[in-house]
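Colleague: Pasting a structure below so you can have a look.
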Amino acid sequence: MKFGGLMFANLFRKKLRLTLTIGSFAVALMLFGFLAVVKTAFSGGVEIAGADRLVVINRVSIIQPLPLSYMDKIGRMPGVKGITHANWFGGVYQDERNFFPQFAVDVSTWRQMYPEFKLTEAEWNNFVKDRQGAIAGAATAKRFGWKVGDRIPIKGTFLPGVWEFNLDGIYHGSRQADDESQFWFQWDLFEEKVPDRLKGNVGWYTVRVDNPDDSLRVARAIDAEFANSPYETHTDTEKAFAAGWVKQFGNIEFLILTIGAVVFFTLLLVTGNTMAIAVRERTGELAVLKAIGYSDRFVLFLVLLESLVIALIGGGFGLLCAKGLTLLGDPTHGMLPVFYLPTKAMLTGLIAALLVGIASGILPAVGAMRLRVVNALRRV
Amino acid sequence: MVRVDGAGTSSLIRVRGLDKKYYRGGEEIHVLQELNLDVDEGDFVAFMGPSGSGKTTLLNLLGGLDVPSAGSITVAGDEITHMSRGTLTEWRARHVGFIFQMYNLIPVLTAYQNVELPLLLTKLSRAERRKHVETALGVVGLADRMHHFPRQLSGGQEQRVTIARAIVSDPTFLLCDEPTGDLDRKSADEIMGLLLTLVKQYRKTVLMVTHDPVVAERADVTLHLDKGVLVEAGKLEAFSGGAR
Numbered sequence: 030m031k032f033g034g035l036m037f038a039n040l041f042r043k044k045l046r047l048t049l050t051i052g053s054f055a056v057a058l059m060l061f062g063f064l065a066v067v068k069t070a071f072s073g074g075v076e077i078a079g080a081d082r083l084v085v086i087n088r089v090s091i092i093q094p095l096p097l098s099y100m101d102k103i104g105r106m107p108g109v110k111g112i113t114h115a116n117w118f119g120g121v122y123q124d125e126r127n128f129f130p131q132f133a134v135d136v137s138t139w140r141q142m143y144p145e146f147k148l149t150e151a152e153w154n155n156f157v158k159d160r161q162g163a164i165a166g167a168a169t170a171k172r173f174g175w176k177v178g179d180r181i182p183i184k185g186t187f188l189p190g191v192w193e194f195n196l197d198g199i200y201h202g203s204r205q206a207d208d209e210s211q212f213w214f215q216w217d218l219f220e221e222k223v224p225d226r227l228k229g230n231v232g233w234y235t236v237r238v239d240n241p242d243d244s245l246r247v248a249r250a251i252d253a254e255f256a257n258s259p260y261e262t263h264t265d266t267e268k269a270f271a272a273g274w275v276k277q278f279g280n281i282e283f284l285i286l287t288i289g290a291v292v293f294f295t296l297l298l299v300t301g302n303t304m305a306i307a308v309r310e311r312t313g314e315l316a317v318l319k320a321i322g323y324s325d326r327f328v329l330f331l332v333l334l335e336s337l338v339i340a341l342i343g344g345g346f347g348l349l350c351a352k353g354l355t356l357l358g359d360p361t362h363g364m365l366p367v368f369y370l371p372t373k374a375m376l377t378g379l380i381a382a383l384l385v386g387i388a389s390g391i392l393p394a395v396g397a398m399r400l401r402v403v404n405a406l407r408r409v
Numbered sequence: 253m254v255r256v257d258g259a260g261t262s263s264l265i266r267v268r269g270l271d272k273k274y275y276r277g278g279e280e281i282h283v284l285q286e287l288n289l290d291v292d293e294g295d296f297v298a299f300m301g302p303s304g305s306g307k308t309t310l311l312n313l314l315g316g317l318d319v320p321s322a323g324s325i326t327v328a329g330d331e332i333t334h335m336s337r338g339t340l341t342e343w344r345a346r347h348v349g350f351i352f353q354m355y356n357l358i359p360v361l362t363a364y365q366n367v368e369l370p371l372l373l374t375k376l377s378r379a380e381r382r383k384h385v386e387t388a389l390g391v392v393g394l395a396d397r398m399h400h401f402p403r404q405l406s407g408g409q410e411q412r413v414t415i416a417r418a419i420v421s422d423p424t425f426l427l428c429d430e431p432t433g434d435l436d437r438k439s440a441d442e443i444m445g446l447l448l449t450l451v452k453q454y455r456k457t458v459l460m461v462t463h464d465p466v467v468a469e470r471a472d473v474t475l476h477l478d479k480g481v482l483v484e485a486g487k488l489e490a491f492s493g494g495a496r
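Line order of the protein sequences matches chains A and B. Position 243, counted from 1, in the first sequence is what this note's numbering calls 272; the numbers after and before it change by one each time, with no gaps. Position 1, counted from 1, in the second sequence is what this note's numbering calls 253; the numbers after and before it change by one each time, with no gaps.
In structure tokens form, the structure reads like this:
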């Protein structure tokens, strides 16, 4: 590229300014990367939720139980391929800050429903045989330094006493966004220990449908089946359920978008001003280029390209830093169900950086393009 | 041969009825009036005149940097006054070499890279460009300074790099706007010697604006611009007397 020398010479004209401008992009895109990590942590479950899975909860709220007897009724409905159930436990491990989700699961159906969670046959079989057994997600196990065979004491909250579990296995998600923070134990143990008034109830059902396109019909059919009963149901796709769950934390996406927009707008002002100064201080040189035969369009692209290169280098560096830092490990020690920067978010960040590069360079570039040689040389 | 009477027939540069008006604050400023000029290949013409007399405006019009209000400019058979902006830009690249008073080199490029700039617009290979640049820098006596940046050169050397940049693409003619205006006498003499070499040895056509009568004396012909009208030096006195 024969014009590369000219472009890079202009770019490196003021090294401190170049470094600071690239630094602005890098910091902004690193922040964008971290925001994307948080967003993924909250909404990653929504994006990868099973398209053929429905979640059935009590119509009043998820806190209210559903009768265990619904399991057979739902399981026999047309379009339903499988069903499992679980209860929320909400226990405390050592300290209340050590939160992780604990579910009492139906061992006879749970694993078939969630094939994306991987663990060895031996681990699962040990778990099934061990009434006090438990399976922990890899993130939670890593967070607390657990290994298979450890004894895990968890203090009940709405159910009294300390519950002791044997860690029989550790599961891993088969996809990056799979939640590896869960802790499962046997529903039979849970059922045994709950007060009589709570027996025979489950927290929610997860239903697999034959055909994902049929999900809506099946969901309506389930809700219609139990309408006007003491335990009316509310059935949603797993994706909608996960989205509703995330909304309980507040509008995370809006918050992140707002912060991101402010960061990028500030970046636009900073780089736009820098580019304007950079072009203004070499008005004479641009005029000479035009005088000796460089076209208006060439000058436009020259300025725009500089802006884009700054955005690309700064943005790319910031995103790589963010990616590198996420690879070093989760600083929240498992508070977030997943902690990674998705490639898609990196590409989005890069595109956003390039758009800011174009937006910040376009006005100075058009000004340079419209520059009249005679007027510019008079100013020199 | 340089003529201002509009009677030339086969000149390299032919200017007919050139008019240039500016409007500043609603007031019309008539800079050039019905100007005629014929310049042949290999002529060295100096334009003199008081500030605001239109010398630089004339140079800008001849170089295709500005457009006239009326009249025509023909260079080597090309009528440039009706060319579009884009065509004019391409025409400048092929036909005009510019030498400015303030050198106007790009400070972040070396002498070599500055001289190479016009050639980047051509289809010449890297090796061919190198050959041309080295030749041009050799002509101006700066072959040993080609990797120096403008800040590492004296004013005279910078102007010589500008001359090398102006001649590297072998243009039809050179336009020099006060080429010695920012130089001491010794450097100015060197630059004038160089321009004369280009004229005598390489048959370059040079049109130069200057305030300095000593510099103007080195040209073949000195034309005076006053109140928008061109007058040959010998006839200036008579013209001024008549005007009075």
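Note that beta-carbon positions come from the ideal geometry of N, C-alpha and C, so glycine has one too.
#1: To be precise: take each residue of the segment 334 to 351 of chain B, compare its Cβ to all Cβ atoms of chain A, and keep it if any distance is under 9 Å. Which residues remain?
#2: In the DSSP assignment, the alpha helix (DSSP H) including Q215(A) goes from what residue to what residue?
#3: Could you give the DSSP three-state label for S492(B): helix, strand or coil?
#4: Starting from T303(A), follow the alpha helix (DSSP H) in both directions and report where the run begins and ends.
#5: Consult DSSP for D436(B) and reduce its assignment to one of helix, strand or coil.
#6: Is the shortest distance between the beta-carbon of A394(A) and the beta-carbons of chain B less than 8 Å?
#7: Using the beta-carbon count (16 or more within 10 Å), is V461(B) buried or exposed?
#8: Taking C-beta pairs closer than 8 Å, name the residues in chain A that V360(B) reaches, listed in chain order.
#9: Measure the C-alpha to C-alpha separation of V420(B) and A290(A) and round it to an integer number of angstroms.
#10: Taking CB distances under 8 Å as the criterion, tell me whether D396(B) reaches chain A.
#11: Give me the Cα-Cα distance between V391(B) and E342(B), rounded to the nearest whole angstrom.
#12: For the candidate residues V236(A), L188(A) and A206(A), whose alpha-carbon lies nearest to that of A228(A)?
#13: Can the beta-carbon of V332(A) be found closer than 8 Å to that of G386(A)?
#14: For T474(B), collect the residues of the same chain with a Cβ closer than 7 Å to its Cβ; drop the 5 residues on either side in sequence, then sort them by chain order.
#15: Using beta-carbon positions only, say whether G62(A) and G378(A) come within less than 8 Å of one another.
#16: Roughly how many angstroms lie between the CA atoms of G407(B) and P370(B), to the nearest whole one?
#17: Kindly list the residues whose CB is nearer than 6 Å to the CB of L406(A), restricted to its own chain and excluding five residues on each side of it in sequence; keep chain order.
#18: Kindly give me the distance between the Cβ atoms of I91(A) and Y234(A), rounded to whole angstroms, as I take these residues to be in contact under 8 Å.
#19: Show which residues of chain A have a CB atom less than 9 Å away from the CB atom of D422(B).
#20: Shorter than 8 Å from the beta carbon of P370(B) to some beta carbon of chain A?
#21: Any C-beta of chain B sitting closer than 8 Å to the C-beta of F129(A)?
#22: Step through the CB atoms of chain A and report whether any lies within less than 8 Å of the CB of N356(B).
#23: By a C-beta neighbour count over all protein chains shown, 10 Å radius and 16 as the cutoff for buried, is R496(B) buried or exposed?
#24: Counting only C-beta atoms, is E335(A) closer than 8 Å to chain B at any point?
#25: Pair every Cβ in the segment 48 to 63 of chain A with every Cβ in the segment 377 to 392 of chain B, then say whether three or more of these pairs are closer than 8 Å.
#26: Since I believe G198(A) is in contact with W153(A) (beta carbons under 8 Å), could you give me their beta-carbon distance rounded to a whole number of angstroms?
#27: If you draw a straight line from the C-alpha of G294(B) to the C-alpha of V402(A), how long is it?
#28: So what's A133(A) in DSSP terms, helix, strand or just coil?
#29: In three-state terms, what does DSSP make of Y323(A)?
#30: Shortest alpha-carbon distance to G349(B) belongs to which of D472(B), L447(B), K307(B) and P359(B)?
#31: Can you find the residues in the same chain that come closer than 6 Å, C-beta to C-beta, to A307(A), ignoring five residues on each side of it along the sequence?
#32: Excluding the 5 residues preceding and the 5 following L40(A) in the sequence, name in chain order all residues of the same chain whose CB lies nearer than 7 Å to its CB.
#33: Assuming E254(A) is part of the alpha helix (DSSP H), what are its boundary residues?
#34: Take N195(A) and list the residues in its own chain whose beta-carbon comes closer than 7 Å to its own, dropping the five residues that flank it on each side.
#35: Give me the subset of the segment 45 to 79 of chain A whose CB atoms are less than 8 Å from a CB atom of chain B, sorted by chain position.
#36: Report the rounded CA-to-CA distance for M354(B) versus V56(A), giving the unit in angstroms.
Modeller: On the basis of the coordinates in this document:
#1: R337, G338, T341, E342, W343, R344, A345, R346, V348, G349 and F350
#2: No alpha helix (DSSP H) contains Q215(A), which is instead part of the beta strand (DSSP E) from F212 to Q215.
#3: Model confidence at S492(B) stands at a pLDDT of 45, short of 50, so the residue's coordinates are unreliable and nothing is read from them.
#4: I281 to R309
#5: Of the three classes helix, strand and coil, the one that applies to D436(B) here is coil, per DSSP.
#6: Not one chain B Cβ lies under 8 Å of A394(A).
#7: buried
#8: Within chain A, the residues near V360(B) are A38, N39, F41 and R42.
#9: 50 Å
#10: no
#11: 25 Å
#12: The question names Ala, but residue 228(A) in the sequence shown is Lys. Of the candidates V236(A), L188(A) and A206(A), the one whose C-alpha sits nearest the C-alpha of K228(A) is L188(A).
#13: no
#14: A298, M300, A468 and A485
#15: yes
#16: 21 Å
#17: A316
#18: Actually they do not touch by this definition, with Cβ atoms about 12 Å apart.
#19: Simply none; closest approach about 13 Å.
#20: yes
#21: no
#22: yes
#23: Note on R496(B): pLDDT 34, under 50, position unreliable in the model; no value is reported.
#24: no
#25: no
#26: 6 Å
#27: 27 Å
#28: strand
#29: coil
#30: L447(B)
#31: none
#32: Counting only Cβ-Cβ distances below 7 Å, and skipping sequence neighbours, we find L47, E335 and V338.
#33: S244 to E254
#34: D159, Q161, G162, A163 and R180
#35: none
#36: 41 Å
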